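What the sequence shown shows, in the numbering used here, is residues 30 to 373, in sequence order.
Note that CB positions come from ideal geometry on N, CA and C, so glycine has one too.
All figures in this text were calculated on a predicted structure; none of them were measured in a lab.
The next block holds one structure in the form of structure tokens; read it before the comments.
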Amino acid sequence: INGFKQLADQGKIQELSQTHDSSALHGSAYFLPWHRAYIMVLEDAIRALPGYQCFAMPYWDWTNEPTPLEVSEGETLVIMSSGLGDDSDGECQNSGSVFDEGKYEPQSSSYRNSNGQKCMVRNVDYTAFATSPGVGYCWFATPSDIMSLIGGTNRYETFDGGLEYGSGMHGSVHICISGNMGTFYSPDDPVFWLHHTFIDYIWALWQDCWDYEGVTPTPTQTLSFSGSLTATLSFSPYTTRTYTPQNVLDLSSYSIIYEDGPLFSNVVVDASSNCPGTVNPNWFASMNGKVRRLRENKRRERNKGRNNRIRKRKRIKFKPFKKLDKRLQTLLSQPDELEIEVEE
Numbered sequence: 030i031n032g033f034k035q036l037a038d039q040g041k042i043q044e045l046s047q048t049h050d051s052s053a054l055h056g057s058a059y060f061l062p063w064h065r066a067y068i069m070v071l072e073d074a075i076r077a078l079p080g081y082q083c084f085a086m087p088y089w090d091w092t093n094e095p096t097p098l099e100v101s102e103g104e105t106l107v108i109m110s111s112g113l114g115d116d117s118d119g120e121c122q123n124s125g126s127v128f129d130e131g132k133y134e135p136q137s138s139s140y141r142n143s144n145g146q147k148c149m150v151r152n153v154d155y156t157a158f159a160t161s162p163g164v165g166y167c168w169f170a171t172p173s174d175i176m177s178l179i180g181g182t183n184r185y186e187t188f189d190g191g192l193e194y195g196s197g198m199h200g201s202v203h204i205c206i207s208g209n210m211g212t213f214y215s216p217d218d219p220v221f222w223l224h225h226t227f228i229d230y231i232w233a234l235w236q237d238c239w240d241y242e243g244v245t246p247t248p249t250q251t252l253s254f255s256g257s258l259t260a261t262l263s264f265s266p267y268t269t270r271t272y273t274p275q276n277v278l279d280l281s282s283y284s285i286i287y288e289d290g291p292l293f294s295n296v297v298v299d300a301s302s303n304c305p306g307t308v309n310p311n312w313f314a315s316m317n318g319k320v321r322r323l324r325e326n327k328r329r330e331r332n333k334g335r336n337n338r339i340r341k342r343k344r345i346k347f348k349p350f351k352k353l354d355k356r357l358q359t360l361l362s363q364p365d366e367l368e369i370e371v372e373e
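Structure below.
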């Protein structure tokens, strides 16, 4: 939290948010690799701050949050009581966190306080789905939904579309939290980064499930990735540095290891009936119940080994959106039917 706020005070979070609005790739094969590299860009920025050399981005497992019904009966959503601000019910944040109005000014100008200052807003109604389930109400996919997506197809283009637009998946989280998360400036909200790290975790699970780690797609083998390996992934205006999908397909190239965590054990990802592949210990590891995404510092790798960072996971379901960026609303209106197929 403090590292993120330090970058915001320097204007770098705002530059990253502008970068998402200007350069982010959605609705194509590049959605997942672009956002994987984007997470790395923020990690590198935080790791450059004094005292954060071992930082790695936490991920938020929203499949492990209470359901709307459980929340209506008194349970608390962890993500809204984690120090990142709360559900401000469409108003500027004012919960006592470092993201309150007057303390944090996002890039988006969609929301302002009475003094005209830009502020961060969320607009979540956790209990609406419990009493009136149906179209227009947000919800989060369950662990079994995730496993059905991961184990249901070995084709990247099918998996990628299901994860980005499928019911209860990536887009639903943006809609549920709403406010800044409902715009193309969604990285203004720190929850965006925890959410997208979990999306990346799910992609990594799929890659590992089908033994695609380290596999380089060819013109005749596009199952593991269906786009161009040499396409330019730009992160302008934040940086002139670019990536390609080939740079980020293999987590080992950046010494990233995910904690397997509750989702992994809840659906028994490594069961032969779920995944034909075997768990790669260089991608996933059990860490005594603590949930982490580990990022090795390659400059110190030989002498000091891996540097760890704890990450929390949780499960949640939110509410209907009230204000959503028109471009994002168009993207999220894509059909969410998932074709299940396995190609030999």
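* To do: Look at the Cβ atom of Val70, then the Cβ atom of Tyr267, and state whether they are nearer than 8 Å.
  => yes
* **Beta carbon of Val107 nearer than 8 Å to that of Lys34** => no
* Asked: Looking at C-alpha atoms only, which residue of Ser255, Phe227, Thr247, Asn309 is the closest neighbour of Arg65?
  -> Phe227
* **Check whether Gly208 and Tyr140 have beta carbons under 8 Å apart** => yes
* Asked: Can you give the Cα-Cα distance for Ser101 and Cys205, rounded to whole angstroms?
  -> 16 Å
* Measure the Cβ-Cβ separation of Thr269 and Ala170 and say whether it is below 8 Å. => no
* Which value, in whole angstroms, describes the spacing of the CA atoms of Val150 and Gln250? -> 44 Å
* To do: Please say whether Gly197 and Trp168 have beta carbons closer to each other than 8 Å?
  => yes
* Asked: So the alpha helix (DSSP H) Ile42 belongs to, where does it begin and stop?
  -> 41-52
* To do: Count the other CB atoms, across all protein chains shown, that sit within 10 Å of the CB of Ser118; report buried if there are 16 or more and exposed otherwise.
  => It is worth fixing the name first, because residue 118 is Asp in this sequence and not Ser. Per the 10 Å Cβ criterion, exposed.
* As assigned by DSSP and simplified to three states, the class of Arg65 -> helix
* Keeping to the same chain, check which residues put their C-beta closer than 6 Å to that of Leu258; ignore five residues upstream and five downstream. => Pro274, Gln275
* With C-beta atoms as the reference, is Ser52 less than 8 Å away from Gly256? -> no
* Asked: Do the CB positions of Tyr214 and Gln146 come within less than 8 Å of each other?
  -> no
* To do: Tell me whether Tyr272 sits in a helix, a strand or coil according to DSSP, three-state version.
  => strand
* Pick helix, strand or coil for Arg151, following the three-state DSSP scheme. => coil
* CA-CA distance, Lys341 and Ala85? -> Because the pLDDT of Lys341 is 28, which lies under 50, any placement of that residue in the model is unreliable, and the number read from its coordinates should be weighed accordingly. Straight-line Cα distance between these residues: approximately 12 Å.
* Can you give me the Cβ contacts of Gly131 inside the same chain, cut-off strictly under 7 Å, excluding the 5 residues immediately before and after it? => Gln146
* Would you kindly work out how many angstroms separate the C-alpha atoms of Trp312 and Ala77, rounded to a whole number? => 24 Å
* What does a CB cutoff of less than 8 Å around Asn123 pick up in its chain, not counting 5 residues either side in sequence? -> Ser117, Asp129, Glu130
* Can you tell me whether DSSP reads Ile286 as helix, strand or coil? -> strand
* Asked: For Leu280, does the three-state DSSP call read helix, strand or coil?
  -> helix
* Pairwise C-alpha distance: Pro246 and Ser110 -> 42 Å
* **Under 8 Å between C-beta atoms of Tyr185 and Leu252** => yes
* Kindly indicate which three-state DSSP category Ala74 falls into: helix, strand or coil? => helix
* **Buried versus exposed, by CB contacts within 10 Å (16 or more), Val153** => buried
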